[in-house]
Amino acid sequence: MPGTTHEPGSTPPQYLVARLRRALAEDPRTAELGVQIHIRGGVVVLDGEVTSAERKQRLEDTVRELVPGARIHNEVRVGTPAQPGPSEELR
Numbered sequence: 001m002p003g004t005t006h007e008p009g010s011t012p013p014q015y016l017v018a019r020l021r022r023a024l025a026e027d028p029r030t031a032e033l034g035v036q037i038h039i040r041g042g043v044v045v046l047d048g049e050v051t052s053a054e055r056k057q058r059l060e061d062t063v064r065e066l067v068p069g070a071r072i073h074n075e076v077r078v079g080t081p082a083q084p085g086p087s088e089e090l091r
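What follows is the structure, given as structure tokens:
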């Protein structure tokens with residue numbers, strides 16, 4: 001979220017995680033709900049799966065903008081999108 005920066009150690013981890021989750025969901029560059037965020041030993045850890053390396057990098061860039069100077073460990077995997085299943089018929 002523009003204009004909102006925090007030092008990694010100045011905000012309780014659960015609040016920082018909530019702030020980052022919200023930012024990743026609301027930022028049009030990422031619009032990501034399926035990535036988990038954890039704080040481990042002062043390191044921001046991103047985990048989950050996205051559909052492209054570019055999207056993975058955008059997640060990390062967005063976190064870096066929000067928490068300048070934070071150590072970030074990006075464990076997000078790049079996978080292929082699942083094929084849609086058969087359509088369902090509602091009755």
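Heads up: the sequence shown is residues 1 to 91, going by the UniProt record's numbering. Using N, Cα and C, we set each Cβ at its ideal position, and we do this for glycine too.
| Is Thr30 closer than 7 Å to Leu59 when the C-beta atoms are compared? | Contact check for Leu59 against Thr30 passes: the beta carbons are separated by less than 7 Å.
| Out of curiosity, what's the CA-to-CA distance linking Gln36 and Thr80? | Cα to Cα, the separation comes out at about 18 Å.
| query | Helix or strand or just coil, what does DSSP make of Gln83? | reply | For Gln83, the three-state secondary structure derived from DSSP is coil.
| query | In terms of residue numbering, what span does the alpha helix (DSSP H) encompassing residue 149 cover? | reply | Lying outside 1 to 91, the shown extent of the chain, residue 149 is not represented and no answer is given.
| task | Take the Cβ of Ala23 as the centre, count every other Cβ of all protein chains shown within 10 Å, and call the residue buried at 16 or more, exposed below. | result | Result: buried.
| message | Give the list of continuous beta strand (DSSP E) stretches no shorter than 3 residues that lie fully inside the UniProt domain "BON" (12-80). | response | Taking only runs of at least 3 residues, the beta strand (DSSP E) segments lying wholly in the UniProt domain "BON" (12-80) are 36-40, 43-47 and 71-74.
| task | Please report how far the alpha carbon of Arg21 lies from the alpha carbon of Leu33, in whole angstroms. | result | Their backbone Cα atoms lie some 7 Å apart in a straight line.
| request: Measure the C-alpha to C-alpha separation of Ala70 and Leu46 and round it to an integer number of angstroms. | output: The alpha-carbon separation between Ala70 and Leu46 amounts to approximately 13 Å.
| query | Can you tell which of Glu49, Ala25, Arg19 and Ser87 has its C-alpha closest to the C-alpha of Glu75? | reply | Glu75 has its Cα closest to that of Glu49, out of Glu49, Ala25, Arg19 and Ser87.
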